[in-house]
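Position 217 (the sequence shown) corresponds to 202 in the working numbering; numbering is contiguous. Note that CB positions come from ideal geometry on N, CA and C, so glycine has one too. Written out below as structure tokens is the structure these notes cover.
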Amino acid sequence: MYFPEDYRWSHGVLIGLNSAPWGGAEIDEVNRIGLRLKGKAGDDNAWFTEWAREARKVEDAGRAHIAAGRRRTGAQYLFRAANYYHVGERFLQPKEAGLADYKRGVNCFRDAAQMIQRPKIEHVEIPYEGASLPAILIHAENTGQKGPAPAMVFFDGFDVTKEIQYFKGVPDLAARGISCLVLDGPGNGEARRFRNLVLHHETERHAGAAYDYLAARPEFDPQRIGIMALSLGGYYAPRAASMDHRFACCIAWGAEWNYCQKWKNRIAKMEGGEKISLSVPTLHLQWVFGAKDRPEALVKLEGFNLDGVIQKMKCPFLLVHGEGDQQVPFEDAQAAINACGSQDKDRKSTRLNSSHLGISYAVFCLK
């Protein structure tokens, strides 16, 4: 708890810090941001200002390195800047005030990807219901085999972006011979901010589009395409794999069960004056749906329930859930794994970084 008085801010700092193993943060840079925010917990404009300030400083240094011919070093700076811009923008409501900095983050990541040779990173567009979804395709290395490679579709959560997701272990997947398609689904990232694609509960629609895209490319094996997701992705990935049986495996980094009822419970507690643990401001709920108010958002949430859905899953399923999770009770993880229809399912409860468990499972299932 970097800010003991504020769960949301402490959670946000950890999103920055825990990306360090994959190049998304330098711990001292995050610490500098935290020190400047001391005594300001809950002031989301201050949060945005300080993260954006550090991001711009790091970006400028990175671009100076690139101009001097130090492309790899410059890319490392730009990757961190991309992450800082997006971690800083997450709490802003309304979003319009941070769109320019959010776009800087997108551009920093895109430019950094062009400066490195490995892993190979390709920005692509996924055709989706008359529009398209922006995505990052990270190509497998060290496959040790001839022919098409396996791949994972990696969905975001309630408030995560594809750029942030990259720093949650994706380079490890590539190093182990599995490609990864990371995309901004409806309600998230560029899809919501710049294309007005709002969240809906039928995640098999954009999951199927992602599968179709990968399966149509000759370098990927259609029989070895899995799906995974984090946070609210504990609903997204199981929903998609239960409704679209083409996926070879499913990984949920965090459990979900009845997300609609969870929000009803949260709202009742808030209205009763109780403090609750949330990763984003409450207005984020309305924003992802494009809803005019909270009642309309609750109506749109009604389909977010895995009961009656996850029973249809057939592929291998791994659920990784933190024992002390403050947002999702352990009972939800138990309900999901018990109801899952797969004959090959497992739940891992851990206090450790769960990304390595998910990566190992993907390798096991797809290789």
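Please go through the same chain and pick out, in chain order, the residues whose beta-carbon is closer than 8 Å to the beta-carbon of residue i, but skip the five residues on each side of it.
i    : result
P266 : R(-7), D29, F76, Q78
R177 : D169, P171, V183, L184, W272, V273
Report the three-state DSSP secondary structure of residue i (helix, strand or coil).
i    : result
H306 : strand
M213 : strand
R57  : helix
Y113 : strand
D206 : strand
A125 : coil
L337 : The pLDDT assigned to L337 is 49, lower than 50, so where the model puts this residue is not dependable, and the model offers no usable value.
V294 : coil
A120 : strand
D331 : strand
G9   : coil
H185 : coil
E316 : helix
E175 : helix
I261 : coil
E241 : coil
Along the chain, where does the alpha helix (DSSP H) containing residue i start, and where does it finish?
i     : result
S227  : 218 to 228
P156  : 155 to 160
S(-5) : -8 to 2
A40   : 29 to 52
F152  : From DSSP, F152 is part of no alpha helix (DSSP H); its letter is neither H nor E.
F139  : It is not in any alpha helix (DSSP H) - F139 instead sits in the beta strand (DSSP E) that spans 134 to 140.
W248  : 244 to 256
N92   : 84 to 98
L283  : 279 to 285
Could you name the residues of the same chain whose beta carbon sits closer than 7 Å to that of residue i, not counting the 5 residues immediately before and after it, in chain order?
i    : result
F37  : In the sequence on display, residue 37 carries Ala and not Phe. So the qualifying residues of the chain are Y70, G73, D86.
R21  : E35
A276 : A282, K285
A195 : I111, V138, L166, L168
I18  : E35, W36, E39
Is the Cβ-Cβ distance between residue i and residue j less than 7 Å?
i    : j    : result
P301 : D278 : no
R202 : A233 : no
I111 : S117 : yes
Y221 : F140 : yes
E189 : A240 : no
F143 : L263 : no
P156 : P104 : yes
K153 : H230 : no
Please go through the same chain and pick out, in chain order, the residues whose beta-carbon is closer than 6 Å to the beta-carbon of residue i, but skip the five residues on each side of it.
i     : result
N338  : Unreliable positioning characterises N338 in this predicted model, as indicated by a pLDDT of 49, which lies under 50. The coordinate reading is nonetheless provided below. Correct list: empty, nothing qualifies.
C136  : Looking at the sequence itself, residue 136 is Ala, so the reference to Cys does not match. Hits under 6 Å: S164, L199, F205, I210.
G174  : T146, K147
A98   : I106
S(-5) : M(-14), Y(-13), F(-12)
I0    : V72
Please list the terminal residues of the continuous beta strand (DSSP E) segment that includes residue i.
i    : result
C235 : 235 to 238
C165 : 164 to 168
A195 : Note, A195: premise wrong, no beta strand (DSSP E); alpha helix (DSSP H) at 189 to 200.
> Taking one C-beta from the segment 123 to 132 and one from the segment 157 to 170 each time, how about it: are there three or more such pairs within less than 8 Å?
Replying inline: yes
>> Using 8 Å as the cut-off, can you tell me whether the segment 47 to 67 makes contact with the segment 238 to 257, which would need three or more C-beta pairs spanning the two stretches below that distance?
In response: No, the segment 47 to 67 is not in contact with the segment 238 to 257.
> Any contact of the segment 47 to 56 with the segment -6 to 12, i.e. 3+ C-beta pairs under 8 Å?
Replying inline: Result no; under three Cβ-Cβ pairs closer than 8 Å.
> How about the segment 289 to 298 and the segment 236 to 250: do they share at least three Cβ pairs that are nearer than 8 Å?
Replying inline: With contact defined as three or more Cβ pairs closer than 8 Å, the segment 289 to 298 and the segment 236 to 250 are in contact.
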